[in-house]
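Those protein sequences? They're chains A and B, same order as listed.
If you're matching positions, the first sequence starts at 1109 in the working numbering and goes up one per residue.
If you're matching positions, the second sequence starts at 37 in the working numbering and goes up one per residue.
All C-beta atoms in this analysis are idealised placements derived from N, C-alpha and C, irrespective of residue type, glycine included.
In this text the structure is predicted, and so the values were computed from the model without any measurement.
Single-structure report; data block below.
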Amino acid sequence: MKKSYKIDVDCANCAAKMEDAAKKTEGVKDAVVNFMALKMNVEFEDGADPKEVMPRVLDNCKKVEDDCEVFF
Amino acid sequence: MNKKQKKNLCRMIISAVLLITLHFVPVKGTLRFLLYLIPYFIIGYDVLRKAFKGIKNRQPMDESLLMCVATIGAMVLAIYRDLTGQTGDYVEAIAVMLFYQIGEWFQSVAVDRSRRNISELMDIRPDYANIETDGKIEQVDPDEVEPGTVIYVQPGEKIPIDGTISSGTSTLDTAALTGESLPRNVVEGDEVISGCINLTSPLYIRTTKEFGESTVSKILDLVENASSRKSRSEDFITKFARIYTPAVVYSALALAILPPVFRMVCGDAPYWGDFIYRALAFLVISCPCALVVSIPLSFFAGIGGASHAGVLIKGSNYMETLSEVDTVVFDKTGTLTKGSFEVDAVHHSPMDEAELIEAAALAEAASTHPISLSLRRAYGKELDRSRVSDIEEISGHGIRAKVDGRDIAVGNTKLMAAVGVAYTECPDDMGTVIHVALEGAYAGHIVISDTVKPHSAEAVKALKKLGIKRTIMLTGDASRIADSVAGELGIDEVHSELLPSDKVERVDRLITERSGKGRLAFVGDGINDAPVLSRADIGIAMGAMGADAAIEAADVVLMDDDPLKISRAIAIARKCLCIVKENIVFAIGIKLLCLLLSALGLAGMWLAVFADVGVLVLCVLNAIRALIIGK
């Protein structure tokens, strides 16, 4: 399953870090952060519940880039 | 400016004012140090906090840390000077932080602005659809409209969903989709695509697709996700930044420690302060942000600008490939030619050309054959059907009828033989020949052929001007026709009488036998050439507005069918890539130069700040240039 989320982040480098962090999150198969469109496309693992996975994604993103936000 | 940007602007102004005021306040020693700490914390608290959190989360290698180390280092040096009786320079640390913040602020505003510009260019997303229920117009979310529903579009509104007009006639502005400024007339029964603006009168449209499947959604999706496909330049920068930051930090460390130690060993004074200062300047210069921000920004702006011109580029990687194209392979029908038949010439007619076409068009008035349609189009006026009687359509031959009471036969040579009229063969038959006999006498013939698009020759010339080395045309047509079209357009090579599968093979061979770096682009109309589109280095589909298969298969989609857009697309891609290269060379060049100068002790903190912020600002400004697409 694929979903697209709005994000808020200040710099391109930070967006790349968020992408890495999101990818490593459990339940996430693949993630692509588009800094210019301020969007994060997340592909979830089969059977993963986005509602449960997304807070973890946000947590991991916050760890690498304090100044970011994911709206879900 | 958003709230955060306004707040940061205030912080910058306050700390700058404080800094200037403090310069004139006659205090000394610890009090002076404490006073200078105020503007330092005002301007730098968030950077300090971020660096601290970075260390805590074991992600220390970022620019916040670089800035903290550099400014705290400068502060410590100043304190050291104070303690040893000299006057320490606190301004430097604060100024560095201030300029860093100015750079960040500027970058954030510039990125925001270009983001907004691009989304304005792409402002085709409809917010609602009107549905008429019980005589009342109701606005609903386009997502909720089922296919087959009749929607109502007022003048000035965007068509939200693809469909066919069930009633009404109007003109549509397709500029947002195609870049074409000429409005298009539509009548009942016409298919319309979402994203066009209805200009003159209300339309009722029966939707044929869901919103998510409509043209406008597809295009937005494509453009917004285009920058997710990263180009080689972007990959290079990501890798570069990964190695670069640690390398710089270790070099700075080495610069701070090795020379003084070496001097001590040699028995000279170590000059610790001096070398630490040089190392700090080194750190400030090193931020790779100019590259990391401006490269994706250039691509994003380029893709946005191109889409405004009616050229959809599906990713930064395709932008890059497109800029390297040196061979363009065209499909003939529908790409260079209109793919519909038109009257080319009238030969051997004893009567006026217009009169002959009029008579022939009248005779064909009832037929739906493509040739009849082209004759009627050539006549151009409304047909008065009452002038025609006794129509007899002879399949495979043509038509016999009475026009204004006179016997007329319009058809091929077989028909002429059947009515017993001696006909003249067309000497240069480049298309279909239609003979006409009037009252049992030969009245000449009309040549109908697939005509070349008005801009095709110009398009080929424009490509040559851009330095495209080879232009090749592939077609299933007979070589006689193909050679003549190619000659007319100035195309270098022609491969004719090809089956669709031959085209793939031919492109395959062209790709394997090419030499050097140049890429091969294939331009087709997306109808039955999808395999070729995907086989070529870059597939360009034209006139693909609404054609799903073409949008899927191609890497670049030209929204209208004007072949001039091909050279335009290549020019846009080249400009964008040129900007990217300028930024890479400029940013890395200036940084290396400043790094060298600071290592040698020739550059102070001020130059360091320029190397960081100044380069960033210039690169961002340069990147935004990619958005401007000249006519």
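Mapping DSSP to helix, strand and coil, what is residue i?
{"i": "TYR1113(A)", "result": "strand"}
{"i": "GLY650(B)", "result": "helix"}
{"i": "GLU429(B)", "result": "strand"}
{"i": "SER410(B)", "result": "helix"}
{"i": "HIS32(B)", "result": "Within the shown structure, residues of chain B are numbered from 37 to 667, placing residue 32(B) beyond reach of any answer."}
{"i": "ASN1181(A)", "result": "Because chain A is modelled from 1109 through 1180, residue 1181(A) falls outside the range shown and cannot be assessed."}
{"i": "TYR240(B)", "result": "strand"}
{"i": "ALA402(B)", "result": "coil"}
{"i": "MET37(B)", "result": "coil"}
{"i": "ALA445(B)", "result": "strand"}
{"i": "LEU58(B)", "result": "helix"}
{"i": "ALA165(B)", "result": "strand"}
{"i": "VAL181(B)", "result": "coil"}
{"i": "GLN137(B)", "result": "helix"}
{"i": "LYS172(B)", "result": "strand"}
{"i": "LEU663(B)", "result": "helix"}
{"i": "ILE187(B)", "result": "strand"}
{"i": "GLU246(B)", "result": "coil"}
{"i": "PHE272(B)", "result": "helix"}
{"i": "LEU632(B)", "result": "helix"}
How long is the line joining the alpha carbons of residue i and residue j, rounded to whole angstroms?
{"i": "THR449(B)", "j": "HIS433(B)", "result": "8 Å"}
{"i": "ASN1142(A)", "j": "GLU356(B)", "result": "18 Å"}
{"i": "VAL455(B)", "j": "ARG516(B)", "result": "30 Å"}
{"i": "ILE587(B)", "j": "GLY625(B)", "result": "40 Å"}
{"i": "LEU1166(A)", "j": "TYR1113(A)", "result": "11 Å"}
{"i": "TYR164(B)", "j": "PRO178(B)", "result": "5 Å"}
{"i": "PHE318(B)", "j": "ALA292(B)", "result": "10 Å"}
{"i": "SER410(B)", "j": "ALA397(B)", "result": "9 Å"}
{"i": "CYS323(B)", "j": "THR205(B)", "result": "59 Å"}
{"i": "VAL259(B)", "j": "ILE608(B)", "result": "15 Å"}
{"i": "ARG265(B)", "j": "PHE298(B)", "result": "49 Å"}
{"i": "ASN1168(A)", "j": "VAL361(B)", "result": "42 Å"}
{"i": "GLU193(B)", "j": "ASN38(B)", "result": "30 Å"}
{"i": "THR487(B)", "j": "ASP597(B)", "result": "14 Å"}
{"i": "ASN658(B)", "j": "VAL621(B)", "result": "13 Å"}
{"i": "THR185(B)", "j": "SER230(B)", "result": "14 Å"}
{"i": "PHE88(B)", "j": "PHE77(B)", "result": "14 Å"}
{"i": "GLU140(B)", "j": "MET133(B)", "result": "10 Å"}
{"i": "LEU370(B)", "j": "LYS438(B)", "result": "The sequence shown places Gly at residue 370(B), rather than the Leu named in the question. If I take the Cα positions, the gap works out to 36 Å."}
{"i": "PRO599(B)", "j": "ILE233(B)", "result": "24 Å"}
{"i": "SER492(B)", "j": "ALA1124(A)", "result": "43 Å"}
{"i": "CYS614(B)", "j": "GLY338(B)", "result": "11 Å"}
{"i": "ALA639(B)", "j": "VAL616(B)", "result": "28 Å"}
{"i": "PRO386(B)", "j": "PRO219(B)", "result": "40 Å"}
{"i": "VAL1130(A)", "j": "SER202(B)", "result": "It is worth fixing the name first, because residue 1130(A) is Ala in this sequence and not Val. Cα to Cα, ALA1130(A) sits roughly 48 Å from SER202(B)."}
{"i": "LEU631(B)", "j": "GLY341(B)", "result": "35 Å"}
Within its chain, find whatever has a CB closer than 6 Å to the CB of residue i; leave out the 5 residues flanking it on each side and keep chain order.
{"i": "ASP440(B)", "result": "ARG423"}
{"i": "ARG117(B)", "result": "GLY124"}
{"i": "ASN221(B)", "result": "THR207"}
{"i": "ARG506(B)", "result": "THR363 and ASP528"}
Apart from the five residues on each side of it in sequence, which residues of its chain come closer than 7 Å, Cβ to Cβ, to residue i?
{"i": "MET111(B)", "result": "TYR126 and ALA129"}
{"i": "ALA25(B)", "result": "The structure shown has nothing for residue 25(B), since chain B only spans 37 to 667."}
{"i": "THR244(B)", "result": "PRO183, ASP198, GLY199 and THR200"}
Among all the DSSP beta bridges, which residues are the ones paired with residue i?
{"i": "HIS344(B)", "result": "According to DSSP, which records beta bridges pairwise, HIS344(B) is partnered with nothing at all."}
{"i": "ALA381(B)", "result": "VAL483(B)"}
{"i": "PHE366(B)", "result": "MET509(B) and VAL559(B)"}
{"i": "TYR673(B)", "result": "This structure cannot speak to residue 673(B), because chain B is shown only from 37 to 667."}
{"i": "ASP209(B)", "result": "ILE233(B)"}
{"i": "ASN36(B)", "result": "No answer is possible for residue 36(B): the residues shown for chain B start at 37 and end at 667."}
{"i": "ILE201(B)", "result": "ILE241(B)"}
So, for residue i: in the same chain, excluding its five sequence neighbours on each side, which residues have a beta-carbon less than 8 Å away from its beta-carbon?
{"i": "LEU546(B)", "result": "THR363, VAL365, ILE508 and LEU556"}
{"i": "ALA305(B)", "result": "ARG299"}
{"i": "ARG1164(A)", "result": "THR1133, GLU1134 and GLY1135"}
{"i": "ARG550(B)", "result": "THR363 and LEU556"}
{"i": "THR214(B)", "result": "GLY346, MET581, MET595 and ASP596"}
Does chain D have any CB closer than 8 Å to the CB of residue i?
{"i": "ASN353(B)", "result": "Considering every chain present, this structure includes no chain D. Its protein chains are A and B."}
Cβ-based contacts, 7 Å cut-off: residues of the segment 1116 to 1143 of chain A near chain B: The segment 1116 to 1143 of chain A vs chain B, Cβ under 7 Å: ASP1118, CYS1119, ALA1120, ASN1121, ALA1124, VAL1140, ASN1142 and PHE1143.
Please name the residues in the segment 131 to 146 of chain B whose beta-carbon is closer than 8 Å to at least one beta-carbon of chain A, in chain order. GLU140, GLN143 and SER144
Using a Cβ-Cβ cut-off of less than 8 Å, give me the residues of the segment 608 to 639 of chain B that come near chain A, in sequence order. none
Output needed in chain order: residues of the segment 85 to 112 of chain B with a Cβ under 7 Å from some Cβ in chain A. LYS86, LYS89, ASN93 and GLN95
Listed in chain order, which residues of the segment 236 to 248 of chain B have Cβ atoms closer than 9 Å to some Cβ of chain A? none
Residues, ordered as in the chain, of the segment 1153 to 1177 of chain A that lie near chain B by beta-carbon distance below 9 Å: LYS1170, LYS1171, VAL1172, GLU1173, ASP1174 and ASP1175
Contact list for the segment 306 to 329 of chain B against chain A, Cβ threshold 9 Å: PRO324, CYS325, VAL328 and VAL329
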